[in-house]
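Numbering-wise (my numbering), the sequence shown opens with residue 4 and increments by one.
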Amino acid sequence: MQALLFIVDTLWSLYLGVYLVRFLMQLVRANFRSPVADAIVKLTNPLILPLRKVLPPIGKIDTATIVAILLLTAGKVAALRLIAGVAMPTPIGWLYLLTVDVVTSLLWVIFWCLVLQALISLLTQGARTVVTELLESICEPVLRPFRRYIPSLVGGFDLSYLWATIAIQALIILINTSLPFKF
Numbered sequence: 004m005q006a007l008l009f010i011v012d013t014l015w016s017l018y019l020g021v022y023l024v025r026f027l028m029q030l031v032r033a034n035f036r037s038p039v040a041d042a043i044v045k046l047t048n049p050l051i052l053p054l055r056k057v058l059p060p061i062g063k064i065d066t067a068t069i070v071a072i073l074l075l076t077a078g079k080v081a082a083l084r085l086i087a088g089v090a091m092p093t094p095i096g097w098l099y100l101l102t103v104d105v106v107t108s109l110l111w112v113i114f115w116c117l118v119l120q121a122l123i124s125l126l127t128q129g130a131r132t133v134v135t136e137l138l139e140s141i142c143e144p145v146l147r148p149f150r151r152y153i154p155s156l157v158g159g160f161d162l163s164y165l166w167a168t169i170a171i172q173a174l175i176i177l178i179n180t181s182l183p184f185k186f
């Protein structure tokens, strides 16, 4: 049972992560003319395009992507509860669970973007690729407040990644430990 819960949760979370990356790309106005962005768009279009026909964007917020994220999260919560044999929540419970799951999933996506960006910048030593440009566009708004207060060390070693990932992990722990119940 635990193995099945793990597999379903992991696969569903990975697919949800692709939608969250697309949402972040739209939010930060990332370059959509790259092979990586194209793959993300192709993976998410089957759900987003039909929703976009009935849900127009509000400013720079793509409501179709947000609804797709909420639908996927609701599906994940329902699937995990069915597998675990747990009753479905009340409407308020659904709202609570969806909010918590979307926020923690978004924090995890940002965390992994920061980790990947830090590793790539250490390994490639300044080389620009489509992946680094995409990660940079997502990570820079998160790193900016930390860079304001944390100077780079000798040799340009940037500690803002470390402090940003610590802050994100602290937020995830805070959210998860304050939950009265999970999934």
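For each residue, glycine too, the CB sits at the ideal point set by N, CA and C.
Source: prediction; values computed, not measured.
Asked, Found
"What separation, rounded to the nearest whole angstrom, lies between the Cα atoms of C142 and S181?", "27 Å"
"Starting from the C-beta of I175, find all residues in its chain whose C-beta is less than 8 Å away, skip the five residues before and the five after it, and write them out in chain order.", "T107, L110, W111, F114"
"Please state if the CB of V11 and the CB of A71 are separated by a distance shorter than 7 Å.", "no"
"Is it true that the CB of T66 sits closer than 7 Å to the CB of I51?", "no"
"Based on DSSP bridge pairs, tell me the residues matched to I64.", "I61"
"How many Å lie between V133 and Q29 at the Cα?", "16 Å"
"Could you pull out every residue in the same chain whose Cβ sits closer than 7 Å to the Cβ of E139, ignoring the five residues on either side in sequence?", "Q120"
"Less than 6 Å between C-beta atoms, sequence neighbours within five positions excluded: which residues of the same chain meet that for L27?", "I141"
"Cα-Cα, which of P49, Y152, I43, T168 is closest to A17?", "Reading the sequence as shown, one finds Leu at residue 17 and not Ala. The candidate whose alpha carbon is nearest that of L17 is I43."
"Quick one: using the 10 Å Cβ neighbour count with 16 as the cut-off for buried, is K63 buried or exposed?", "exposed"
"State the Cα-Cα distance for the pair L74 and G88, rounded to the nearest angstrom.", "21 Å"
"What is the residue span of the alpha helix (DSSP H) that F35 lies within?", "Where F35 is concerned, there is no enclosing alpha helix (DSSP H), given that its DSSP letter is neither H nor E."
"Helix, strand or coil for R131, going by three-state DSSP, please let me know.", "coil"
"The alpha helix (DSSP H) spanning V21 covers which residue range?", "5-30"
"Could you tell me how far apart the beta carbons of L101 and V80 are, in whole angstroms, since I believe they sit closer than 8 Å?", "7 Å"
"Sorted by chain position, which residues of the same chain lie with C-beta nearer than 6 Å to D41's C-beta, five sequence neighbours on each side aside?", "none"
"In three-state terms, what does DSSP make of S124?", "helix"
"For C23, which residues in the same chain have their Cβ closer than 7 Å to its Cβ, ignoring the five residues on either side in sequence?", "According to the sequence provided, residue 23 is Leu. The question's Cys does not apply to it. So the list reads I72, S108, L109, V112, once near-sequence residues are dropped."
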